[in-house]
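In UniProt numbering, the protein residues as written are 1 to 172.
Have a look at the structure below before the remarks.
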């Protein structure tokens with residue numbers, strides 16, 4: 001058995017620190033249930049977005065997918081950070097995708113050259129420039145404040161339903 005710590009009774013410790021200290025006191029071979037420690041010390045359910053916020057983010061991603069503008073992981077991360085008004089980590093997107101795997105999928109898009117002939121339509125150009133104009137107005141961006149395109153292959157987050165129905169396979 002590990003020696004007991006005098007820190008266990010400290011009122012200055014955070015719940016997670018108290019849980020870690022208690023965890024260290026467990027006997028070798030004893031069943032270790034992390035959720036037991038988290039519940040005991042009030043460190044459970046520290047999910048960044050509440051269920052309603054996650055549903056709204058899923059809806060936002062689905063809407064952009066429908067418009068041919070699937071997000072990158074970084075874009076999803078930035079959106080979540082904006083919602084909670086604090087940074088979320090890279091791992092948050094992975095866990096978010098896992099929690100919402102019935103609605104979202106992460107897939108590689110083809111290079112722009114491979115899908116260029118499909119994207120060459122007046123409707124898509126109009127959609128792109130209308131959306132671009134709205135965002136320029138909304139965020140008051142100038143020519144230095146917006147990256148128009150990403151070249152090459154990139155991993156994007158799609159509406160799973162639209163991906164499986166092959167309604168969308170690339171971004172604009």
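Glycine included, every Cβ here is placed at the ideal spot set by N, Cα and C.
Helix, strand or coil for residue i per DSSP?
i, result
"residue 131", "helix"
"residue 177", "An answer regarding residue 177 cannot be provided, because it is not within the stretch 1 to 172 covered by the chain."
"residue 121", "coil"
"residue 55", "helix"
"residue 14", "coil"
"residue 105", "strand"
"residue 49", "coil"
"residue 25", "coil"
"residue 64", "helix"
On the CB-based measure, 16 or more other CB atoms within 10 Å of its CB, does residue i come out buried or exposed?
i, result
"residue 26", "exposed"
"residue 129", "exposed"
"residue 57", "buried"
Who are the near neighbours of residue i in its chain, counting only those whose CB is closer than 6 Å to its CB and skipping five residues on each side?
i, result
"residue 150", "With a pLDDT of only 47 at residue 150, under the threshold of 50, the placement of this residue in the model should not be trusted; the figure read from the coordinates follows. Excluding residues within five positions, none has a Cβ falling inside 6 Å."
"residue 76", "93 and 157"
"residue 62", "159"
Leaving out five residues before and five after residue i in sequence, what residues of the same chain have Cβ atoms less than 7 Å from its Cβ?
i, result
"residue 48", "80, 84, 88 and 92"
"residue 174", "Beyond the ends of the chain as shown, which are 1 and 172, falls residue 174; an answer cannot be given."
"residue 86", "none"
"residue 64", "70 and 71"
From residue i to residue j, what distance separates their C-alpha atoms?
i, j, result
"residue 50", "residue 154", "29 Å"
"residue 169", "residue 90", "24 Å"
"residue 124", "residue 71", "17 Å"
"residue 74", "residue 109", "15 Å"
"residue 21", "residue 14", "11 Å"
"residue 139", "residue 78", "15 Å"
"residue 127", "residue 67", "8 Å"
"residue 95", "residue 29", "29 Å"
"residue 60", "residue 122", "24 Å"
(Q) Taking contact to mean 3 or more Cβ pairs, one atom from each stretch, closer than 8 Å, check whether the segment 94-105 and the segment 118-134 are in contact. (A) no
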